[in-house]
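Structure first, then comments.
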Amino acid sequence: MKLSRLSCLRTRMTALARRSWAGLAGLLVTVSLVSAPAAEAGQRVDRKIRVGGIERTYTVILPNNPKARASWPVIFAFHPAVAQGRWMRTRTKLHATRSGGNYVVVYPDGYYPTWNAGDCCGRAHREGIDDLGFFNAMRKDVASLIPIESKAYLTGFSGGSQLVYHILCNQPQTVAAVVGVGATRNMDRCRSGRVPVMHIHGDRDRGSPVEGGYGEGLFAKDIGYMEPAAKMVRTIARRNGCGTGATKAISKPRTLDTTCSAYTNCPGAAVSMLCVVPRMGHAWPGAPKGMGLLGPFRPDLNASAEVMAFFDAHR
2 MKLSRLSCLR TRMTALARRS WAGLAGLLVT VSLVSAPAAE AGQRVDRKIR VGGIERTYTV
62 ILPNNPKARA SWPVIFAFHP AVAQGRWMRT RTKLHATRSG GNYVVVYPDG YYPTWNAGDC
122 CGRAHREGID DLGFFNAMRK DVASLIPIES KAYLTGFSGG SQLVYHILCN QPQTVAAVVG
182 VGATRNMDRC RSGRVPVMHI HGDRDRGSPV EGGYGEGLFA KDIGYMEPAA KMVRTIARRN
242 GCGTGATKAI SKPRTLDTTC SAYTNCPGAA VSMLCVVPRM GHAWPGAPKG MGLLGPFRPD
302 LNASAEVMAF FDAHR
């Protein structure tokens, strides 16, 4: 009799446990479904992914009408060192520009908070963080939210600019167009590929001198020698098949207060352009003061509008 009661009790406990686990599994499925966001107009989505065993984060702003196209152009905007993606999102506001709603715009977060641009910089470089892998993992993850084009538009400031050129150097087949701001990279030993490039640099940049050399400030020793901006753009122009002949002057009075020098005789519209901004230090043209960066700011300008115009022109 005792054995029979014990057997009955065990049966009831097993059934109860099964119902409990079933309920928990249903809850987990619900949580998973909630965390996978639907593509809503202008929606901001914060994402976490693992790359090389490390959790990485980024924010994506979806376009105004996510269902209007079979696939969307995507912009990756990389922040400077000692900042994070929020800095790039709130200073540049690329997603809020006139044509920003026609793109998926991604604001990634660096590693403590730096980028590994191949030959520099900071903790990300010292620890061998795979930021090329991070870029590719983000592309794949964004594609799980909304269909995107195979080639991405890249922009970045300071250390983020160096990462942009690192991606361009190593996998140009994934890049539609580039705008780098305030930092250069040696482009001599890169994979072949023709990609439109605009580089923007302040003429009073003490952190990353436009004429090349060693900068001032906290990270100068870690960053090391900086490639002259004109030399880098000339090297990219040669890669783009533009040759090294005369350049064309393109005026940007309202957005950058300067006249840019562009190699335009390039196959496939792979223009290579250098815009040196007068009376500006190590800053994003148009961003307000607040980071304590080297040299004067130019909040009267609008680099974000110029970045988007360049990307629009190379759609």
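For the sequence shown, the numbering used here puts the final residue at 316, and the numbers step up evenly by one. For each residue, glycine too, the CB sits at the ideal point set by N, CA and C. These numbers come from a predicted model, not from an experiment.
**Prompt:** Using a threshold of 7 Å, is the CB atom of residue 137 nearer than that to any non-hydrogen atom of the ligand NAD?
**Reply:** Annotation note on the ligand NAD: not contained in the displayed structure, which lists no ligands.
**Request:** Identify every run of the beta strand (DSSP E) within the stretch 206-247, keeping only runs that are complete inside it and at least 3 residues long; order them along the chain.
**Result:** none
**Item:** Length of the line joining the Cα atoms of residue 61 and residue 82
**Value:** 20 Å
**Message:** Quick check on the DSSP output: the beta strand (DSSP E) that includes residue 189 runs from which residue to which?
**Reply:** No beta strand (DSSP E) contains residue 189, which DSSP labels as neither H nor E.
**Message:** Between the alpha carbons of residue 192 and residue 101, how many angstroms are there, rounded?
**Reply:** 30 Å
**Asked** How should residue 259 be labelled, buried or exposed, when 16 other C-beta atoms within 10 angstroms of its C-beta is the threshold for buried?
**Response** buried
**Request:** Using alpha carbons as the reference points, say which of 213, 140, 180 lies closest to residue 158.
**Result:** 180
**Message:** Which of the three DSSP states is assigned to residue 8 in this structure?
**Reply:** With a pLDDT of 43 at residue 8, under the threshold of 50, the modelled position of that residue is not reliable, and the figure given next carries that caveat. In the three-state DSSP reduction, residue 8 falls in the helix class (H, G or I).
**Message:** According to DSSP, is residue 168 part of a helix, a strand, or is it coil?
**Reply:** Residue 168 falls in the helix class under three-state DSSP.
**Asked** Within this structure, are the beta carbons of residue 1 and residue 272 separated by less than 8 Å?
**Response** In the structure as shown, the chain begins at 2 and stops at 316. Residue 1 is therefore absent and cannot be evaluated.
**Request:** Under 8 Å by Cβ, that's how I've got residue 173 and residue 196 pegged, so tell me the actual separation to the nearest angstrom.
**Result:** 5 Å
**Request:** Quick one: which unbroken alpha helix (DSSP H) runs of 4-plus residues sit fully inside the stretch 36-108? Chain order, please.
**Result:** 86-93
**Prompt:** Where does residue 141 fall in DSSP's three states?
**Reply:** helix
**Message:** With H, G and I counted as helix, E and B as strand and the rest as coil, what does DSSP make of residue 265?
**Reply:** coil
**Asked** Span of the alpha helix (DSSP H) holding residue 123?
**Response** 123-127
**Request:** Just tell me which of 69, 112, 243 has its CA closest to the CA of residue 103.
**Result:** Each of 69, 112, 243 was checked against the Cα of residue 103, and the nearest Cα belongs to 69.
**Message:** Give me, in chain order, the residues of the same chain whose beta-carbon lies closer than 7 Å to that of residue 124; leave out the 5 immediate sequence neighbours on both sides.
**Reply:** 112, 113, 115
**Status (buried if at least 16 other CB within 10 Å, exposed otherwise) for residue 190** = exposed
**Start and end residues, alpha helix (DSSP H) containing residue 158** = Counting along the chain, residue 158 falls outside any alpha helix (DSSP H), though it belongs to the beta strand (DSSP E) covering 153-158.
**Prompt:** Should the stretch 123-141 be called in touch with the stretch 88-96, which here means at least 3 C-beta pairs below 8 Å?
**Reply:** no
**Between the CA atoms of residue 51 and residue 164 - distance to the nearest angstrom** = 19 Å
**Asked** How many Å lie between residue 244 and residue 268 at the Cα?
**Response** 10 Å
**Asked** Between residue 150 and the rest of its own chain, which residues show a CB-CB distance below 6 Å, the 5 nearest in sequence each way excluded?
**Response** 72, 74
**Request:** With DSSP as the reference, label residue 259 as helix, strand or coil.
**Result:** strand
**Message:** Am I right that residue 309 and residue 98 are in contact with their C-beta atoms under 8 Å? What's the rounded C-beta distance?
**Reply:** 5 Å
**Message:** For residue 199, report the span of its beta strand (DSSP E) as first-last.
**Reply:** 198-203
**Request:** Please work out which residues of its chain come closer than 6 Å, Cβ to Cβ, to residue 108, disregarding the five sequence neighbours upstream and downstream, and give them in chain order.
**Result:** 60, 78, 86, 89, 90
**Request:** Answer with buried or exposed for residue 66, where buried requires no fewer than 16 other C-beta atoms within 10 angstroms of its C-beta.
**Result:** exposed
**Prompt:** Is residue 47 buried or exposed, if buried means 16 or more other CB atoms sit within 10 Å of its CB?
**Reply:** exposed
**Item:** Beta bridge counterpart(s) of residue 115 as assigned by DSSP
**Value:** 112
**Prompt:** Alpha carbon to alpha carbon, what distance is there between residue 185 and residue 119?
**Reply:** Residue 119 and residue 185: Cα-Cα distance of roughly 12 Å.
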